[in-house]
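Since the structure comes first, as structure tokens, the remarks are kept for the end.
2 protein chains.
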Amino acid sequence: MRPRMTTRSPLAPDSFPALPDIAGVTLRVARARYKDWDRCDLTYVELAPGTTVAGVFTRNICCSSEVELGRAQIKQGVGRALIVNAGNSNAFTGYRGREAVEQIMEQVAGHLGCDASEVFVSSTGVIGVPLPKDKARAGVEAALTAEPCSWEAAAETICTTDTFAKGSTARAIVGGTTVQVAGIVKGSGMIAPDMATMLGYIFTDATVTPALLQELLSEATSGSFNSITVDSDTSTSDTVLLFATGKAGNPPLVTRDDPGADALYAAIREVALDLAHQVVRDGEGASKFIEVQVAGATSDNSARRVALSIANSPLVKTAIAGEDANWGRVVMAVGKAGEPADRDRLAIRFGDHWVAKDGLPVDGYDEAPVAAHLKGQDIRVGADLGLGDGRATVWTCDLTHGYISINADYRS
Amino acid sequence: MRPRMTTRSPLAPDSFPALPDIAGVTLRVARARYKDWDRCDLTYVELAPGTTVAGVFTRNICCSSEVELGRAQIKQGVGRALIVNAGNSNAFTGYRGREAVEQIMEQVAGHLGCDASEVFVSSTGVIGVPLPKDKARAGVEAALTAEPCSWEAAAETICTTDTFAKGSTARAIVGGTTVQVAGIVKGSGMIAPDMATMLGYIFTDATVTPALLQELLSEATSGSFNSITVDSDTSTSDTVLLFATGKAGNPPLVTRDDPGADALYAAIREVALDLAHQVVRDGEGASKFIEVQVAGATSDNSARRVALSIANSPLVKTAIAGEDANWGRVVMAVGKAGEPADRDRLAIRFGDHWVAKDGLPVDGYDEAPVAAHLKGQDIRVGADLGLGDGRATVWTCDLTHGYISINADYRS
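The listed protein sequences correspond, in order, to chains A and B.
Its first residue numbered 921, the first sequence is counted upward by one per residue in this note's numbering.
Its first residue numbered 921, the second sequence is counted upward by one per residue in this note's numbering.
What follows is the structure, encoded as structure tokens:
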């Protein structure tokens, strides 16, 4: 594994944001030394009794035991603790990997006096090596008794090949009470070297039932974490968990129609979107952040598939890396998506500059403003299919020599 | 457009193969100067009266007028001529592009005294610029009266960003008569810079009805041209045409059960597969030729989708470029394919060396022979899903700095 955070992404924010304390959330980190390194690599988040939890997980069939167990645990809707191991994804390790996760769950449950099913575990890093039980046991032991730490320390500890720690916060007024939302995420590609993956954790002190919490998370995820792509490769460990400690004292939120549910949703969505964008900004080798907007599709789902076809096209991504207004490649990506489209109604733009309309280059096309837009770091690509009202936005980064260097010039 | 054939692919064959004359096929080339270059860029193939034709075309919805017209013409099943323009794909050019194609068809038809619908046209190169009618007219005029040329000259003339000219041949015994099959192809990616694309032309002197010819071509294409991928980007102009001049004197082949039909199919398939492999060997930036074999799937189609998921994964392709036995990335690609799979039955191999079985790394895994295999130029990746009898093979190349250099360090 490469030393982490060596060369900070050119798209990284200036610094880690100031995240508020969330009542009922205590962060601790420790050294399990899953790899031959001297850094904290085990994160322990203690959650107050009564904390509700929602989760979304990778759809990759070859998922890790952590994902399998988490998917089952989430049905109970309550959580007392989260453990995140960095440096070993524990994926494709069979029963031995599963035993290691169960050991961690029992160890933490024994300490907190809760049920093992209330302890959530994630792991990220090398694949095919069962998580070493002895290192996990000693690491958890150290973490359980460690001094509480900052959000930034926790955000750094869950990272593997990320080049910067990622956090975000927002707040909402629920029934006259201000509630806080804070989240951290790791990821630098759907998959980074050694199969590091995207893991995200969002916390709020709001009081929310598990069912509504799941509804809010699923909805927020679809327009954020599920709308980003670095390299089209879906990891085996992707996980996003949302915990609500209920310490803010707001009137409990039970349904989407309750006053304040919309405000909380907006705050959760803001944090999820910010964190998702930060993952793209740390995309392997990224030099440009790209927003792809598709309109005029026959449905939102159709628009989304067309947008992903554009965002995942190696030729579109390399053209943008080269600051080349090669809109023909966008046309190609629209056409290969397998969705309803009509070549002779299609319009393409870079930034706000239309380059093609009705299946033809625009009359008197002036490349100068388009070229100027492409020289920036934040690129917008638009396609209007001219068929209906379906629309979608996805985010990606460009494909550069940096991606090849990270993934090919590296030996496991 | 880059100067062509500057740096020959390291995977290229030593030389262009010796292709036999095919009775009823006459090749000519000329300079239309579609770009600012001094090379032949217009190919004219004259076909004897009575020649039957079959074709397969891109499924990209944003296809060129050439593809639209060709798809309609092929239904008649007869062809007297083929024109291939290099340097301008004429795609996304609306009615002006279509007019240029129709002009070429009429000009050649006037010369041969045939119907315009018997003249097939393909174009490859820059997108969004209508094929200039004046250059096309002069180029066709020169070609119609040029001296016949060699297969190699024709194979070079249809190229754009290819680094070597590609041809292949095979023969078959049909009803006691030896029939010849010869083909040429261009392509260096599903899409090369400026949207150059894959165009393939196969010729035989066999006598075959159009319906059977189409059946043979479709079947041969599915296991050859439709089973290769360089970068997952499907072009707007992909076309493969198969012409049968009927000059060999064999008893006419009408159905798949006729004696000799299997032999002719085998010869066509051999040429198609060889040409398809040559396209991959000229894949942009390729340093390794990769065969992906999937077995044990619930169906052949399912196996094919899993194989393409592996072959199109940027992380698998970069790992192989880096000679890294990162089988976890193959597991990830199997799992993300969306096809039936069971993590705990999955087995993965490189070459003939199994690295994982039953959802676990193999006991006593020895990386040395795997590493040795990965140092070669011809790499084989295998996945056995352990579920059924479905199997498929696809071919691709690795993803290297060369791909980025060609596609990102280049300005249109």
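Note that the Cβ used here is the ideal one computed from N, Cα and C, for glycine as well.
Remember, predicted model here, so these are calculated numbers, not experimental data.
- The CB of A/D1264 comes closer than 8 Å to the CB of G1014 in chain B, given here in chain order.
- With its beta carbon at least 7 Å from every one in chain A, B/P937 lies outside the interface.
- The DSSP-derived three-state label of B/Q1134 is helix.
- When only Cα atoms are considered, A/D1125 and B/A1241 end up about 48 Å apart.
- Between B/F977 and B/V1041, the alpha-carbon positions lie close to 12 Å from each other.
- In the displayed model, A/L1228 falls within a helix according to three-state DSSP.
- Judged by DSSP secondary structure, B/R1311 falls within the beta strand (DSSP E) whose first and last residues are 1310–1317.
- Within chain B, the residues placing a beta-carbon under 9 Å from that of A/K1256 are T978, R979, N980, I981, C982, M1110, S1152, D1153, T1154, S1155, T1156, ordered along the chain.
- DSSP places B/S1070 outside both helix and strand once states are collapsed to three, so it counts as coil.
- Note on B/P930: under 16 other CB atoms within 10 angstroms of its CB, so exposed under the neighbour-count rule.
- By the C-beta density criterion, B/Y1015 is exposed, having fewer than 16 other C-beta atoms within 10 angstroms.
- The region 995–1005 of chain B makes contact with the region 1118–1133 of chain B; the number of CB pairs closer than 8 Å reaches 3 or more.
- Look at B/G1014 here: in three-state DSSP terms it is helix.
- Between the alpha carbons of B/A1056 and B/S985 lies a gap of roughly 15 Å.
- With fewer than 16 other Cβ atoms inside 10 Å of its own Cβ, A/P1171 counts as exposed.
- In summary, the residues of the region 1274–1296 of chain A whose CB is separated from some CB of chain B by less than 8 Å are A1276, D1278, G1279, L1280, P1281, in the order they occur in the chain.
- Interface criterion met: the Cβ of A/N1327 is under 7 Å from a Cβ in chain B.
- Excluding sequence positions up to five before and after B/K1053, its CB lies within less than 8 Å of the CB of E1019, A1020, Q1023, all in the same chain and listed in chain order.
- Taken in chain order, the complete beta strand (DSSP E) segments of 3 or more residues contained in the region 985–1014 of chain B are 1001–1008.
- As the crow flies, the alpha-carbon of B/I1003 is around 41 Å from that of B/A1215.
- Note that the C-beta distance between A/A1231 and A/T1165 is not below 7 Å.
- Between A/N1005 and A/L962 a beta carbon distance of about 6 Å is seen, short of the 8 Å cut, so the two are scored as contacting.
- A distance below 7 Å separates the beta carbons of A/G1007 and A/K955.
- Secondary-structure assignment with DSSP links A/E1061 through no beta bridge to anything.
- Taking a Cβ-Cβ cut-off of 7 Å, the neighbours of A/L1235 in chain B comprise I1111, D1151, D1153, N1327, given in sequence order.
- Look at the region 1238–1255 of chain B: the residues with a C-beta under 9 Å from a C-beta of chain A are T1238, A1239, I1240, A1241, G1242, E1243, D1244, A1245, N1246, W1247, G1248, R1249, V1251, M1252, A1253, V1254, G1255.
- Put simply, the CB of B/A1261 is near chain A, with a gap under 7 Å to one of its CB atoms.
- Between B/G1306 and B/G1180, the beta carbon gap of about 40 Å keeps them out of contact (Cβ cut-off 8 Å).
- For the region 1307–1323 of chain B, the set of residues with a beta-carbon nearer than 8 Å to any beta-carbon of chain A comprises D1318, L1319, T1320, H1321, Y1323, in chain order.
- Spanning the alpha carbons of B/P1234 and B/L1319 requires a straight line of approximately 7 Å.
- Apart from the 5 residues on each side of it in sequence, B/A1223 sits with its Cβ closer than 6 Å to the Cβ of V1214, A1217, G1310, R1311, A1312 in its chain, given in chain order.
- Contact of B/G1107 with chain A is not assigned, every C-beta pair being separated by 7 Å or more.
- Taking all protein chains in view, the Cβ of B/A1292 is surrounded by fewer than 16 other Cβ atoms within 10 Å, so the residue is classified as exposed.
- Taken atom to atom, the span from the alpha-carbon of A/R1225 to that of B/A1168 is near 49 Å.
- A/L1195 is not a Cβ neighbour of A/C1069, given a cutoff of 7 Å.
- Flagged as an interface residue toward chain A: B/G1048, by a C-beta distance shorter than 7 Å.
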